[in-house]
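Working notes for the structure below.
There are 2 protein chains.
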Amino acid sequence: MHGTSLAEANRLSAHAAAAAIRSGQLSSLDLTMACLARIEARDGSIGAWSHLATDSAIARARRADERQRAGAELGPLHGLPIGIKDVFDTCDMPSEYGSPSLAGRRPEVDADAVAVLRRAGAIIMGKTVTSEFGMYARTSCRNPHDVGRSPGVSSAGSAAAIADAMVPLALGTQHTASTLMPASFCGVFGFKPSFGFTSMRGSNILVPRLANVGFLARGVDDLALFASAFAGEFADAVPALPPQRLGYVHGPAWKRVAADADMTFGGLLKRLPVAVDELALPAAFDRAVDVTLGLLSAHLAHRFGSQPDMVRQSYCAALRDGIAAGLALDAADYLALEAEADRLAAAARDLFRSCDAFITLTTPGEACLIADGPGSGEMTIPWSLAGLPTLSLPLLKGANGLPIGVQLVGAPGDDARLLSIASWLTAAAVRFQSAESPTPFRQASSEEVWSDTIAPM
Amino acid sequence: MHGTSLAEANRLSAHAAAAAIRSGQLSSLDLTMACLARIEARDGSIGAWSHLATDSAIARARRADERQRAGAELGPLHGLPIGIKDVFDTCDMPSEYGSPSLAGRRPEVDADAVAVLRRAGAIIMGKTVTSEFGMYARTSCRNPHDVGRSPGVSSAGSAAAIADAMVPLALGTQHTASTLMPASFCGVFGFKPSFGFTSMRGSNILVPRLANVGFLARGVDDLALFASAFAGEFADAVPALPPQRLGYVHGPAWKRVAADADMTFGGLLKRLPVAVDELALPAAFDRAVDVTLGLLSAHLAHRFGSQPDMVRQSYCAALRDGIAAGLALDAADYLALEAEADRLAAAARDLFRSCDAFITLTTPGEACLIADGPGSGEMTIPWSLAGLPTLSLPLLKGANGLPIGVQLVGAPGDDARLLSIASWLTAAAVRFQSAESPTPFRQASSEEVWSDTIAPM
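Note that the protein sequences, when read in sequence, are chains C and B.
For the first sequence, the working numbering assigns the number 7 to the initial residue and increments by one for each residue that follows.
For the second sequence, the working numbering assigns the number 7 to the initial residue and increments by one for each residue that follows.
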């Protein structure tokens with residue numbers, strides 16, 4: 007238990023909690039009760055949950071403990087409480103995709119990803135808050151580091167629940183920035199695997215070629231454990247391997263990066279014990295945001311354009327604007343965007359001729375003030391459009407003492423190695439923190455992660 | 007050599023010719039010269055070739071024979087002359103896609119499919135005539151059974167060259183009907199494999215989700231040999247296996263089937279030694295042609311819509327009309343068509359719950375008179391849209407004594423079994439012909455196939 011008392015079991019990493027449950031030091035029920043207590047104490051201020059399944063979570067945790075006592079075979083996520091972003095269908099909970107237009111919707115079938123997580127032994131605690139249909143729109147959820155600031159969108163609730171130690175694992179999605187932006191703002195670890203990693207059936211798919219699951223947790227090992235429920239290649243212990251060749255990119259949106267973020271990122275580059283070269287990005291990448299928003303708006307027009315006026319008027323402004331932009335596109339425009347996206351994806355793959363992975367910032371800076379909007383996805387859009395695996399690691403701190411994520415990007419299909427590089431990068435950043443004080447880098451171990459900006463119990 | 011003299015080697019099936027070459031009874035050079043002599047004698051009337059590579063074919067055939075004498079490893083198509091529809095790039099011949107706008111175009115790289123055929127040992131004789139960019143438009147090629155009739159489009163030259171024994175194998179493509187319609191009109195065997203069978207890079211792709219290679223030959227065994235150059239699962243000897251459950255469909259376009267074609271198809275159904283039940287087609291299939299033409303026109307608008315006026319005015323009417331229709335579509339229309347195509351493909355897969363394969367006609371009847379247009383693709387469009395493997399078998403004869411194809415359709419990926427069923431069906435039809443006289447069925451053996459409507463040497 008590494009010094010964490012039973013009452014604080016909710017703070018454990020998924021990895022440590024899984025080990026404690028298997029060894030009999032901790033029951034799934036105790037862990038679930040600790041998480042529920044944390045949610046009870048804190049969610050009034052944070053608002054990470056749109057639906058809490060208290061009774062069924064307790065019943066399922068009890069059953070998990072019984073199965074373990076009976077010697078049953080246990081899945082990789084056996085007994086671990088998990089939050090599910092409410093853009094995934096669940097057969098036993100509301101599934102409203104954050105939209106008043108779907109209030110009370112209760113599908114009969116789990117999304118494929120939810121079914122995988124149940125089979126892996128996870129205890130589904132409830133549904134986490136999302137912006138409407140995953141658009142860039144404010145949610146009622148607040149950033150646990152500073153409730154005056156955005157937790158990011160659209161996997162706002164999942165990231166906030168992880169940051170606030172309400173659960174060790176939470177499922178998100180990402181079309182453009184929806185897992186990594188909240189991970190950066192909330193100071194947690196986020197992972198969007200390679201395109202096609204797992205079935206998206208039963209989730210809110212805005213654009214099929216952009217839709218991905220996203221994983222949120224408090225350490226790289228936890229992300230690997232999470233991914234191992236879906237694919238065999240992810241061992242639950244991730245070796246910390248340095249890359250052969252690490253690159254960095256600033257990217258087309260760097261001009262909007264805040265001075266403090268620029269400086270702390272530069273400091274990280276200088277201190278890394280490997281050479282990090284800047285990669286030249288073809289000019290085509292300047293169009294990544296336009297191409298992505300064009301594809302998105304066309305699909306919005308297709309999906310929502312023929313809804314009755316009353317329904318459409320109920321949508322958030324971002325959704326209404328997207329539909330209107332899409333209705334103005336013609337078929338040839340759309341196919342030109344598809345062709346441009348294909349070329350960008352090919353150009354992105356070429357970047358890995360000169361490096362194994364590259365780093366950049368996940369967001370232009372710290373979480374923005376709620377009044378200033380939900381946050382920007384520009385820094386992650388090009389890599390999401392290209393289908394690349396990406397991670398956000400909470401290794402930097404901004405001028406207000408709030409986290410800023412380092413984005414690590416790998417070649418398509420190279421997900422397992424990317425996690426190993428992430429483990430190395432995280433350990434390297436923690437070493438700087440030990441060696442220097444004050445330091446720009448936030449503590450981030452894979453066993454028990456905490457931050458002085460998160461409220462204690 | 008099965009009674010065929012050296013001078014008639016061009017009449018051999020690919021299968022018999024390959025065996026004769028391997029056993030030393032026939033050289034690739036002799037076969038190539040026989041094919042060139044046939045082309046020389048006949049192509050003035052038929053017009054199957056847009057480019058004939060006489061010198062390089064002779065040189066390559068000589069080299070093939072030398073390699074065989076030297077004991078080199080031989081590919082599955084070793085020494086066999088082949089025609090390539092001029093919608094595939096070839097590094098050493100003009101590649102004009104049937105369009106005056108690309109006159110003189112000579113790409114530097116082979117299309118992937120052409121590279122595969124060269125590696126398999128085939129001797130590329132030249133490029134065969136196609137309608138402009140593979141559209142439904144008349145070509146200068148004529149039907150060898152009756153030069154007043156259409157050879158079908160768009161793989162016109164490839165089908166006519168096979169029917170006229172100019173080559174034993176010819177490569178085509180199919181988005182909607184372009185391999186099977188010419189096969190039906192020209193009385194040859196045509197095979198469009200499952201979607202995704204092989205790379206289409208370096209070919210004229212009109213709509214990525216519809217683009218397929220097509221194989222034309224004079225027997226089922228020859229089609230299997232042809233396919234074996236691309237994929238290991240195709241043995242060069244195809245067992246004749248009856249289907250467990252064979253179905254038939256009339257399909258939404260049956261109302262335009264000619265009376266003679268309807269009658270001879272009905273006669274085939276009655277005489278088959280297995281029960282053949284009619285499959286109920288969901289009403290959604292009535293939209294297959296509209297969906298296909300909609301997708302096609304959108305892609306035409308994307309690809310050709312911004313060409314200079316002078317170039318666009320040079321296009322055939324079918325292409326100009328398609329572009330204009332596509333320019334009138336908006337992005338949401340296009341995505342609705344894509345969604346409809348996905349649903350149709352799913353519905354088509356469901357048909358195979360109640361049968362292993364089904365049959366229908368390939369065309370509404372015999373080849374139409376040239377004055378009446380190139381022919382109709384309605385009978386093949388639904389299965390091409392659904393990505394199913396399909397064959398056209400020259401088993402029926404119409405009122406004018408001209409061939410009509412039987413279309414055999416299988417489940418996605420079930421290509422090898424479909425060829426076995428085709429072999430069984432062909433043998434069964436030939437047995438009727440032996441038992442009855444006069445008979446509606448055309449002779450079709452896999453060793454040496456001929457027709458009394460094709461001019462002798």
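All C-beta atoms, glycine included, are put in the ideal place defined by N, C-alpha and C.
A quick note: this is a predicted structure, and the numbers were derived from the prediction, not measured.
With respect to B/F197, B/L35 sits apart: the two C-beta atoms are not nearer than 8 Å. For B/G332, the C-beta contacts it makes with chain C under 8 Å involve A337, A338, in order along the chain. With fewer than 16 other Cβ atoms inside 10 Å of its own Cβ, B/A76 counts as exposed. For C/G311, the closest Cβ of chain B is nearer than 8 Å. Put simply, the CB of B/H181 is far from chain C, with every gap to its CB atoms at 8 Å or more.
Across the set B/L18, B/T366, B/F221, B/P214, the C-alpha of B/T366 shows the shortest separation from the C-alpha of B/A259. Nearest to B/A109 by C-alpha distance, out of B/C97, B/L306, B/S56, is B/S56. C/G411 is positioned such that its CB atom lies closer than 8 Å to that of C/S190. If you draw a straight line from the Cα of C/P418 to the Cα of C/P395, it is about 6 Å long.
Closest in alpha carbon position to C/C361, among C/D95, C/S184, C/R251, is C/R251.
Closer than 7 Å at the C-beta level to chain C, one finds these residues of the segment 293-311 of chain B: A304, H305, A307, H308, G311.
Taking 4 residues as the shortest admissible run, the segment 168-211 of chain B contains the following complete alpha helix (DSSP H) segments, listed from N- to C-terminal end: 186-192. Taking 8 Å as the threshold, the shortest C-beta distance from C/L341 to chain B falls below it.
If you ignore the 5 residues before and after C/A119, its C-beta comes within less than 8 Å of the C-beta of F94, L177, T204, S205, M206, G208, S209, V219, F236, all in its own chain and listed in chain order. Rounded to whole angstroms, the Cβ separation of C/V263 and C/G371 is 7 Å, and the two are in contact under 8 Å.
Two segments are said to touch when three or more pairs of C-beta atoms, one from each, lie closer than 8 Å; by this definition the segment 335-353 of chain C touches the segment 290-309 of chain B. One thing to note: B/G300 has its Cβ no nearer than 8 Å to the Cβ of B/I329. In the DSSP assignment, B/V412 is bridged to B/L367, B/L399.
Nearest to C/V282 by C-alpha distance, out of C/S184, C/A246, C/A363, is C/A363. Take B/L350, set aside five residues on each side of it, and the residues of its chain with a beta-carbon closer than 8 Å to its own are A290, F291, R293, A294, V297, P388, L391, A392, in chain order. With contacts defined as CB atoms closer than 8 Å, B/S161 and B/S184 qualify as a contacting pair. Take the alpha-carbon of B/E102 and the one of C/C97: they are about 56 Å apart.
The beta carbon of B/I90 sits closer than 7 Å to those of T96, V120, I130, K133, T134, L177, all from its chain and outside the five residues before and after it, given in chain order. Here C/A24 is buried, its C-beta having at least 16 other C-beta atoms within 10 Å. In this structure B/H308 is not in contact with C/A347, their Cβ atoms being roughly 13 Å apart against a cut-off of 8 Å.
Look at C/F291 here: in three-state DSSP terms it is helix. Just so you know, the alpha carbons of B/E72 and B/L18 end up roughly 22 Å apart.
Judged by DSSP secondary structure, C/L252 falls outside any alpha helix (DSSP H) and instead within the beta strand (DSSP E) spanning 252-254.
Short of 7 Å from the beta carbon of B/A243, and not among the five residues preceding or following it, lie these beta carbons of its own chain, in chain order: D227. The criterion of a C-beta distance shorter than 8 Å is satisfied by C/W430 and C/P248. Counting only residues of its own chain and dropping the five nearest sequence neighbours on each side, C/V415 has a CB closer than 6 Å to the CB of F364, W389, L394, T396. The shortest C-alpha to C-alpha distance from C/L425 to any of C/F221, C/P188, C/A286, C/A353 is the one to C/F221.
Here C/E46 is not near C/L325, since their CB atoms are 8 Å or more apart. Bounds of the alpha helix (DSSP H) holding B/E46 are 34-52.
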